[in-house]
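Throughout the sequence shown, residue numbering follows our numbering, covering 8 to 302 in sequence. By construction, the Cβ of each residue, glycine as well, lies at the ideal position given by its N, Cα and C atoms. Only one structure is covered here, and it is reproduced in the block below.
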Amino acid sequence: MEGAIIAEFSSLNALNQQAPQARGLGPTNAQGKRGPAEGNLTERGTDRRHHEEGVAVGSQTHRERLLRGESTYTTASSNMHMNDHFIEDQPQILQFGMSHLLPQSTNTEERERLLRRLEMCAKAREESTKIMSIRFAQRDAVKNDLKQDRRLYLDRLVTSQRDRDERWARRLQKSPFAVDLVAEDQRIAEENRVREIVEKRRAKSAAARSREAHSRIFKRATVESDELDQLRKEKRQLLTNEKQLKALRDVERSNARTLQILQARQQKQQELRKMRQMRMGIAPWRNSNCSVHQV
């Protein structure tokens, strides 16, 4: 809307001498009749004539200045005070006023009508600008309120989210899902692998010790079996020797008994022979030879 107002004022100040004819505001003809644009301005001016009669002297002076081209429509309002809602759009080189907009043949009444029309347009634009300013201020206030509400909402949202996170963190502090299951599984797998390696080494060492003990026992058993065989052989030899000695002793005993028996028999025979010799009176030497020959 501001762009439209600025464009309208710029086009109004940039008009030259041919602007009234181009806009249908030509001079009066010979019969005193006005063109269509002038008739429209007259009708609109008569409708507002009673309202404009109460304008102060300062306003008349301002209009006269506008008619002389000494002031522009955006410089001051009807109460002769500077208006902050208007944008000054004076050209840098050429300045146009009512003396440049209307031809020289235009009378004072037409100038006043056009001036009143332009003044009403300026007032309407001023009101529009005021309304726009109020609306802009209201919009800024609403935007600020919305931003503040949005900021408060985000703060409450962040606080609520933080409280919720802390509450659930306390609830799930001892939860198994809070632990890194992949890392835990890797740790358990590594522990199992190390345990298996240690158990294999232990089993291998135990097997080696068992084999060594077996070999020692076997060697000891073989050595002991050899010693037992030797002892058995020695025992058998001793038994054989004892048997031989016993047999020899028995033989000696039998020989001695036999010898005793023989000696006793010989002695008995000798005694019998002696008795025979004594009876028969045979010589003793013959008896001895006979006994030797018998033996």
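What span of residues does the alpha helix (DSSP H) with Ala144 cover, start to end? The sequence position of residue 144 within the sequence shown is 137, counting from 1. Per DSSP, Ala144 is one residue of the alpha helix (DSSP H) stretching across 115-178.
What's the gap between the Cα of Asp257 and the Cα of Ser217? As a working note, residue 257 is residue 250 in the sequence shown. As a working note, residue 217 is residue 210 in the sequence shown. In a straight line, the C-alpha of Asp257 is about 57 Å away from that of Ser217.
Can you look up Gln38 in the DSSP assignment and give me helix, strand or coil? Counting from one through the sequence shown, the residue named residue 38 turns up at place 31. Confidence is the limiting factor: at Gln38 the pLDDT is only 39, short of 50, which leaves the residue's position unreliable, though a coordinate-based value still follows. In the structure shown, Gln38 sits in coil (DSSP, three-state: anything other than H, G, I, E or B).
Phe187 by DSSP, collapsed to three states: which one? Looking up residue 187 in the sequence shown gives position 180. Sequence inspection shows Asp at residue 187; the Phe mentioned does not correspond to that position. Residue state, collapsed to three classes: coil.
How big is the Cα-Cα spacing for Leu279 and Glu241? For the purposes of this step, residue 279 is identified with residue 272 of the sequence shown, where counting begins at 1. For the purposes of this step, residue 241 is identified with residue 234 of the sequence shown, where counting begins at 1. When rounded, the separation of the alpha-carbon atoms in Leu279 and Glu241 is 55 Å.
Assign Asn36 to one of two classes, buried (16 or more other C-beta atoms within 10 Å of its C-beta) or exposed (fewer than that). Translated into the one-based positions of the sequence shown, residue 36 becomes position 29. Confidence at Asn36 is low in this model, with a pLDDT of 41, below 50, so the placement of that residue should be treated as unreliable; the coordinate-derived value is given next. Asn36 comes out exposed.
Where does Ser222 fall in DSSP's three states? Here residue 222 is taken as the residue at index 215 of the sequence shown, counted from 1. In the structure shown, Ser222 adopts helical secondary structure according to DSSP, grouped into three states.
Mark Ala144 as exposed unless 16 or more other C-beta atoms lie within 10 angstroms of its C-beta, in which case mark it buried. As a first step, residue 144 must be located in the sequence shown, where it is residue number 137. The Cβ neighbour count for Ala144, taken over all protein chains shown within 10 Å, is under 16; the residue is labelled exposed.
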